[in-house]
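Single-structure report; data block below.
2 protein chains.
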Amino acid sequence: MEQLGPTAYVILGMIRGAPKSGYEIKAAVDGSTRFFWAASYGQIYPELKRLSEAGLIRGADSPTGGRKRTVYEITADGEDELLAWLRQPPETFEMREEGLLKLFFASALPPAEAAEILRAMRAHRLAVNAQLQAMEPLAAEKDDPYPLLVLRGGIEFTEWFADWCERMEEQILASAPEQRSS
Amino acid sequence: MEQLGPTAYVILGMIRGAPKSGYEIKAAVDGSTRFFWAASYGQIYPELKRLSEAGLIRGADSPTGGRKRTVYEITADGEDELLAWLRQPPETFEMREEGLLKLFFASALPPAEAAEILRAMRAHRLAVNAQLQAMEPLAAEKDDPYPLLVLRGGIEFTEWFADWCERMEEQILASAPEQRSS
DNA sequence: TCTAGATATATCGGAGCGATATATATGCGG
DNA sequence: CCGCATATATATCGCTCCGATATATCTAGA
Numbered sequence: 008m009e010q011l012g013p014t015a016y017v018i019l020g021m022i023r024g025a026p027k028s029g030y031e032i033k034a035a036v037d038g039s040t041r042f043f044w045a046a047s048y049g050q051i052y053p054e055l056k057r058l059s060e061a062g063l064i065r066g067a068d069s070p071t072g073g074r075k076r077t078v079y080e081i082t083a084d085g086e087d088e089l090l091a092w093l094r095q096p097p098e099t100f101e102m103r104e105e106g107l108l109k110l111f112f113a114s115a116l117p118p119a120e121a122a123e124i125l126r127a128m129r130a131h132r133l134a135v136n137a138q139l140q141a142m143e144p145l146a147a148e149k150d151d152p153y154p155l156l157v158l159r160g161g162i163e164f165t166e167w168f169a170d171w172c173e174r175m176e177e178q179i180l181a182s183a184p185e186q187r188s189s
Numbered sequence: 008m009e010q011l012g013p014t015a016y017v018i019l020g021m022i023r024g025a026p027k028s029g030y031e032i033k034a035a036v037d038g039s040t041r042f043f044w045a046a047s048y049g050q051i052y053p054e055l056k057r058l059s060e061a062g063l064i065r066g067a068d069s070p071t072g073g074r075k076r077t078v079y080e081i082t083a084d085g086e087d088e089l090l091a092w093l094r095q096p097p098e099t100f101e102m103r104e105e106g107l108l109k110l111f112f113a114s115a116l117p118p119a120e121a122a123e124i125l126r127a128m129r130a131h132r133l134a135v136n137a138q139l140q141a142m143e144p145l146a147a148e149k150d151d152p153y154p155l156l157v158l159r160g161g162i163e164f165t166e167w168f169a170d171w172c173e174r175m176e177e178q179i180l181a182s183a184p185e186q187r188s189s
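Protein chains in written order, with my numbering: chain A, 8 to 189; chain B, 8 to 189.
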C-alpha cells in the first residue's frame, strides 16, 4: 500500500463536489492553486489512473460528440482519504526564487545593477499581484470562503514582497558610493 | 551550445572568490541559499563535470591524506558567464506550500480544524524564522552585504507569514458558529 | 469553407531531490 | 590507544515534477 503524494490530494480536492475531466482539473488548478501548488498533465493523467485503481475516484465516460472524455468523481473512500490528509500537519514548503539568488551574488555587480535586480523582482511581483487581483471577484462569488482567503493571502504576500524589494532598492542606492553616469 | 540552468550559476557564484570541493559547495548552499534555492549532490557533481568541460571552472586535485578531493575554481570565462547571468532579469519563481493547499480545501473540515491548519503553518514558519535568526550573526561578520540582506529578507518574510497565519486563524474562529466542546 | 482556438488525453526528456552507498579522516570517551 | 561516531568527499538511483509536444475532435468566427 503505497501512500499518496500531495498531487493526488489536489485531484481529490478539485473533484470533490463537482466531477471533472483531467483537462478540467488542470484548468481548475491553473485558475486557483497554481501560485502555491501547480500540477501538470504529466502528473494528472497517470495519477487519475492510479486513484481509479485504488478506488478513491470513479471514472465515467461522458463523450462530447465523437471526442472521448472521462469525468471522475470522488468515492466515499476518496472522501475519507482526503479528510484524513487534511487532518495531518502540512509538510512540504519549498521556494525557488531566482531573483533572491541573483541578489545573493550581487556583490559581483556595481550597486546600481544590484538595485536593478530588485526593480525587476518588484515588477514581477506586481504583475502577479495584478493577476491575483483579477481572480478575486470570481472567488468572492463562491460560497466557499477558503479559496478566497488563500487568494487574498497571495495578494497580501505579493504586496509585502514588492514593498520589501522597494525598500531594499532604496537601501542599496542610499548606501552606495556615488556612481558616475558614463 | 546548451545554455546553463540556475544550478550552474549557484555553483559559479559559490566558488567565486574561494575555490571549493563539491562537498563544500553543498555545505555553503545548505548554510545560506537553501531556503530559496537548494541544490543536491545529484545536481552538483554532474554539473561540476559539465562546467569543467565547458571551461567555466577548473578542477585541481587537492587530496587530504589518502582521501581524494578536487577543488574547483572559477575561470575568467566562468566569471563572464556569471556576470552575464546576473544582468539578465530573473525568471523562475516557484512556491509549493502544502499548508495553503490544505487551507484551500478546508471547507471539508469544521472551522476549528481549519484553524488548526493555520496553527501548524504558523508553528512551522516560526521554526524556520528561528533557524534564520541563528544564521544572522555569521552572515553579519562578512564583508559582503548581500547575503545578509537576503537573509534578513527571509527573516522578515517568515515573520510576515506567521503573522498572517495568526490573523487568519482568528478570523476563522471569529466567524465560525460556536463549536461544542465534545 | 478555412482556420484558430478550445477541449481532451497521453507521453517524453530533463531537472530536481532525497536517500543511500562507499571510502577515508578526525575527534572524543573510555 | 582503541573503538565509535561524525565529518569529509564523491557518486548514483529512483522518484516526482514540469514544460513541451503529439494527436485528435469540436466550436466559433472571418
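For every residue, glycine included, the Cβ atom is placed at its ideal position computed from N, Cα and C.
(message) For chain B, check one thing: does any of its Cβ atoms lie closer than 8 Å to the Cβ of A/Leu11?
(response) Sequence index remark: in the first sequence, residue 11 of chain A carries index 4 (1-based). So no, A/Leu11 is outside the interface.
(request) Would you tell me roughly how many angstroms separate the C-alpha atoms of A/Lys75 and B/Leu11, rounded to the nearest one? (result) Here the question's residue 75 of chain A lines up with position 68 in the first sequence. Here the question's residue 11 of chain B lines up with position 4 in the second sequence. Rounded to whole angstroms, A/Lys75 to B/Leu11 spans 41 Å at the Cα level.
(message) Between A/Ser189 and chain B, is the shortest Cβ-Cβ distance under 8 Å, so that the two count as touching?
(response) Locating residue 189 of chain A in the first sequence gives position 182, where the first residue counts as 1. In this prediction, A/Ser189 has a pLDDT of 45, which is less than 50 and means its spatial position is unreliable; what the coordinates show is noted afterwards. Interface with chain B (8 Å Cβ-Cβ cutoff): A/Ser189 is excluded.
(request) Give the secondary structure of A/Glu86 by DSSP, where H, G and I count as helix, E and B as strand, and everything else as coil. (result) By 1-based counting over the first sequence, the position of residue 86 of chain A is 79. Shown here, A/Glu86 sits in a helix according to DSSP, grouped into three states.
(message) Determine whether the beta carbon atoms of A/Ala169 and A/Leu133 lie at a separation below 8 Å.
(response) Stepping through the first sequence from its first residue, residue 169 of chain A is reached at position 162. Stepping through the first sequence from its first residue, residue 133 of chain A is reached at position 126. Yes, these two residues count as a Cβ contact at 8 Å.
(request) Throw me the rounded Cβ distance for the A/Ala147 and A/Leu155 pair, which I believe falls under 8 Å. (result) Here the question's residue 147 of chain A lines up with position 140 in the first sequence. Here the question's residue 155 of chain A lines up with position 148 in the first sequence. Contact between A/Ala147 and A/Leu155 is confirmed by a C-beta separation of about 6 Å, below the 8 Å threshold.
(request) Mind listing the chain B neighbours of A/Val17? Cutoff is C-beta to C-beta under 8 Å, in chain order. (result) Here residue 17 of chain A refers to the residue found at position 10 of the first sequence. For A/Val17, the residues of chain B that pass the 8 Å Cβ criterion are Leu108, in the order they occur in the chain.
(message) So the candidates are A/Glu88, A/Val135, A/Pro152; which of them puts its Cα closest to the Cα of B/Ser114?
(response) Translated into positions along the second sequence, residue 114 of chain B becomes position 107. Relative to the Cα of B/Ser114, the nearest Cα in the group A/Glu88, A/Val135, A/Pro152 belongs to A/Pro152.
(message) Taking 7 Å as the limit between beta carbons, can you name the residues of its chain near B/Met128, skipping five residues before and five after?
(response) Against the second sequence, residue 128 of chain B aligns to sequence position 121. Take B/Met128, set aside five residues on each side of it, and the residues of its chain with a beta-carbon closer than 7 Å to its own are Gly106, Cys172, in chain order.
(request) Kindly list the residues whose CB is nearer than 7 Å to the CB of B/Ala15, restricted to its own chain and excluding five residues on each side of it in sequence; keep chain order. (result) For the purposes of this step, residue 15 of chain B is identified with residue 8 of the second sequence, where counting begins at 1. Closer than 7 Å at the Cβ level, and outside the excluded window around B/Ala15, lie Glu54, Leu58.
(message) With a threshold of 8 Å between beta-carbons, can B/Asp37 be considered close to chain A, or not?
(response) By 1-based counting over the second sequence, the position of residue 37 of chain B is 30. Not closer than 8 Å to any Cβ of chain A, the Cβ of B/Asp37 fails to qualify, so no.
(message) Are the CB atoms of A/Tyr48 and A/Gly66 within a distance shorter than 8 Å?
(response) Position 59 of the first sequence holds residue 66 of chain A. Position 41 of the first sequence holds residue 48 of chain A. Going by C-beta atoms, A/Gly66 is not nearer than 8 Å to A/Tyr48.
(message) Under DSSP, the alpha helix (DSSP H) around B/Phe168 begins and ends at which residues?
(response) As a working mapping, residue 168 of chain B is identified with position 161 in the second sequence. Looking at the DSSP string, the run of the alpha helix (DSSP H) that includes B/Phe168 is 152–182.
(message) So, at 8 Å on beta carbons, what are the nonlocal neighbours of A/Ala35 in its own chain, with the 5 sequence-adjacent residues on each side left out?
(response) One-based indexing of the first sequence puts residue 35 of chain A at position 28. Answer for A/Ala35: Met21, Lys27, listed in chain order.
(request) Could you tell me which residues DSSP puts in a beta bridge with A/Tyr79? (result) As a working note, residue 79 of chain A is residue 72 in the first sequence. For A/Tyr79, which the question treats as bridged, DSSP gives the partners A/Lys27, A/Gly66.
(message) Is there a Cβ of chain A sitting closer than 8 Å to that of B/Thr77, yes or no?
(response) Taking the first residue of the second sequence as position 1, residue 77 of chain B is located at position 70. Not flagged as an interface residue toward chain A: B/Thr77, since no C-beta distance is shorter than 8 Å.
(request) Please list the residues of the region 38–68 of chain B that have a C-beta atom closer than 9 Å to any C-beta atom in chain A, keeping them in chain order. (result) Listed in sequence order: Ser39, Thr40, Phe42, Phe43, Trp44, Ala45.
(message) Considering just the uninterrupted stretch of the beta strand (DSSP E) at A/Arg129, what are its terminal residues?
(response) For the purposes of this step, residue 129 of chain A is identified with residue 122 of the first sequence, where counting begins at 1. Where A/Arg129 is concerned, there is no enclosing beta strand (DSSP E), although the alpha helix (DSSP H) it sits in stretches over 118–148.
(message) Less than 8 Å between the C-beta atoms of A/Tyr52 and A/Gly85, yes or no?
(response) Residue mapping note: residue 52 of chain A aligns to position 45 of the first sequence, counting from 1. Residue mapping note: residue 85 of chain A aligns to position 78 of the first sequence, counting from 1. No, they are not a contact pair.
(request) For chain A, find out if any of its Cβ atoms is closer than 8 Å to the Cβ of B/Ile124; answer yes or no. (result) Here residue 124 of chain B is taken as the residue at index 117 of the second sequence, counted from 1. So, interface residue.
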